[in-house]
Amino acid sequence: MELAAKKQRFLAEEAPALLIDPSRNGDGGTLFVQSASLPGPPPGEPRGEGAAPTAPRVSVWEKDAPPAIPQLVMAKEHYNRLVRMLAQGETLKMTVDLAVEFHDQDLNAYNTVAEIPGTDLKDEIVMLGGHLDSWHGGTGATDNAAGCAVAMEAVRILKALDLKPRRTIRLALWTGEEQGIFGSKAYVDEHFRRRPERRGPDAESADEGEATEETKPEYEKFSGYFNLDNGTGRIRGVHLQGNEAVRPIFRKWLQPFRDMGAQTLSIANTGGTDHLPFDAVGLPGFQFIQDEIEYDTRTHHSNMDLYDRAQADDLKQASIIMAAFVYNTAMLDEKLPRKPAPTLARAEARAAAVGGQ
Numbered sequence: 079m080e081l082a083a084k085k086q087r088f089l090a091e092e093a094p095a096l097l098i099d100p101s102r103n104g105d106g107g108t109l110f111v112q113s114a115s116l117p118g119p120p121p122g123e124p125r126g127e128g129a130a131p132t133a134p135r136v137s138v139w140e141k142d143a144p145p146a147i148p149q150l151v152m153a154k155e156h157y158n159r160l161v162r163m164l165a166q167g168e169t170l171k172m173t174v175d176l177a178v179e180f181h182d183q184d185l186n187a188y189n190t191v192a193e194i195p196g197t198d199l200k201d202e203i204v205m206l207g208g209h210l211d212s213w214h215g216g217t218g219a220t221d222n223a224a225g226c227a228v229a230m231e232a233v234r235i236l237k238a239l240d241l242k243p244r245r246t247i248r249l250a251l252w253t254g255e256e257q258g259i260f261g262s263k264a265y266v267d268e269h270f271r272r273r274p275e276r277r278g279p280d281a282e283s284a285d286e287g288e289a290t291e292e293t294k295p296e297y298e299k300f301s302g303y304f305n306l307d308n309g310t311g312r313i314r315g316v317h318l319q320g321n322e323a324v325r326p327i328f329r330k331w332l333q334p335f336r337d338m339g340a341q342t343l344s345i346a347n348t349g350g351t352d353h354l355p356f357d358a359v360g361l362p363g364f365q366f367i368q369d370e371i372e373y374d375t376r377t378h379h380s381n382m383d384l385y386d387r388a389q390a391d392d393l394k395q396a397s398i399i400m401a402a403f404v405y406n407t408a409m410l411d412e413k414l415p416r417k418p419a420p421t422l423a424r425a426e427a428r429a430a431a432v433g434g435q
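Following this line, the structure appears as structure tokens:
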């Protein structure tokens, strides 16, 4: 991190016309493209006027971000060729046509929410979903149109079977996930429990404290949230997010799908997506475990994240399992068990431990 910060400050001082980075992994024309970088302050210095030393760094897409050096990503095989030519003392000339358009007339993003009304427990809620936004390199087919399609198909299955869930089933397609899980966090703040302001994709941790929380009436009416956001691969199980109490329930629910390859229950946490805001305030929020297929090697945030990479049979399997989990949750006599909500004392203890390192 310190080396990267020094690199960005050096570039800011030199003010080059263009910065070319190699794709972070992949080959054969695969480009993993995310956002441009901005120079940060030296280690230990405040991140902006009046900011605390621990304040999050400003991201390039924020309204008040400083101008960025024009940047592009090049396939490794082409980037390495340029490096070899420079090492041989050759003079390189490049013509670059870089056109970027920002749509900033409306700085809000909008979640899409729909419901199947419940019956005798209709005031209680079960949720499922995935994020609708994507990176610009491809079309977002596996990250995360696949997850959205599975969630919508799961609800369609329940409607087609004319099932009458006891609890209301609420489908949410989130926005702002790639910038920092903003859509789902805003929804949790508005409907369930509002936490102190945090920014960035690493801010949603169930170990962080709740100094000025505001709990909403729907908090006690909530049963569980199920998320899908790891590509096109079939479901292999569920990350339990440390909630050991749901293990026997989920194990029973997975039994009919063992022949489909879904049987794993991992106590481990998994991050980086929209179940985290629920988990962070003590609500049961879960991400399914999926086959990787070529997610990390080919399609995740890349120019290869295209419709042709979607695996139809795997998505059908995932839709069936997601529909079953949501329906089963809606039909329980009791809501899903919760793990203890994070507390201010735990946050203070964590801060003290970090400070001592």
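Using this note's numbering, the letters of the sequence shown correspond one by one to residues 79 to 435.
Ideal placement from N, C-alpha and C gives every residue a C-beta, glycine not left out.
Inset, instruction - Assign residue 333 to buried or exposed, taking buried as 16 or more other Cβ atoms, counted over all protein chains shown, within 10 Å of its Cβ. - result: exposed
Inset, instruction - Spell out a yes or no on whether the region 316–336 and the region 356–369 are touching, meaning 3 or more CB-CB pairs, one atom from each, closer than 8 Å. - result: yes
Legend entry - Anticipated Cβ contact below 8 Å, residue 213 with residue 379, distance rounded: 5 Å
Inset, instruction - With DSSP collapsed to three states, give me the class of residue 314. - result: strand
Inset, instruction - Drop a sphere of 10 angstroms on the beta-carbon of residue 441, count the other beta-carbons inside from all chains shown, and report buried for 16 or more, exposed for fewer. - result: The displayed coordinates of the chain run from 79 to 435. Any statement about residue 441 would go beyond what the structure contains.
Legend entry - Endpoints, the alpha helix (DSSP H) within which residue 327 is located: 325–332
Legend entry - Proximity of residue 219 and residue 390 at Cβ, strictly below 8 Å: no
Inset, instruction - Count the other C-beta atoms from every protein chain shown that fall within 10 angstroms of the C-beta of residue 88, then say buried if there are 16 or more, exposed otherwise. - result: exposed
Legend entry - Bridge partners - residue 194, DSSP secondary structure assignment: 247
Legend entry - Distance, residue 211 Cα to residue 256 Cα: 7 Å
Legend entry - Secondary structure of residue 204, DSSP reduced to three states: strand
Legend entry - Closest Cα partner of residue 226 within the set 403, 316 and 310: 310
Inset, instruction - Report yes or no: do the region 365–384 and the region 182–202 share at least 3 C-beta pairs separated by less than 8 Å? - result: no
Legend entry - Option nearest residue 65 by Cα separation, candidates 108, 138 and 104: Lying before the first or after the last residue shown, residue 65 is absent from the chain, which here runs from 79 to 435.
Inset, instruction - Could you say if the region 400–412 and the region 137–151 meet the contact criterion of at least three C-beta pairs nearer than 8 Å? - result: no
Inset, instruction - Would you list the one or two residues that DSSP bridges to residue 252? - result: 209
Legend entry - Simplified DSSP state of residue 336, which is helix, strand or coil: helix
Inset, instruction - Can you tell me which of 302, 159, 204 and 189 puts its alpha carbon nearest to the alpha carbon of residue 415? - result: 302
Inset, instruction - Could you work out which residue in 81, 156, 168 and 143 is closest to residue 100 when comparing CA atoms only? - result: 156
Legend entry - Nonlocal neighbours in the same chain, by C-beta distance under 7 Å from residue 300, ignoring five residues either side: 203, 270 and 361
Legend entry - Burial state of residue 342 (16 or more Cβ within 10 Å): exposed
Inset, instruction - On the DSSP bridge assignment, give the partners of residue 149 in chain order. - result: 97
Legend entry - Exposed unless 16 or more other CB atoms sit within 10 angstroms - verdict on residue 345: exposed
Inset, instruction - In angstroms with no decimal places, state the Cα-to-Cα distance between residue 385 and residue 217. - result: 8 Å
Legend entry - Coil, strand or helix - residue 302 by DSSP: strand
Inset, instruction - Would you list, in sequence order, the uninterrupted beta strand (DSSP E) runs of no fewer than 3 residues that lie entirely inside the region 329–397? - result: 342–344 and 363–368
Inset, instruction - Go to residue 231, then tell me how far its alpha helix (DSSP H) extends in each direction, as first and last residue. - result: 224–238
Inset, instruction - Put residue 159 into one of helix, strand or coil per three-state DSSP. - result: helix
Legend entry - Whole-Å CB distance - residue 314 paired with residue 291, under 8 Å assumed: Not really, about 35 Å apart at Cβ, beyond 8 Å.
Inset, instruction - May I ask you to report which of helix, strand or coil DSSP gives residue 102? - result: coil
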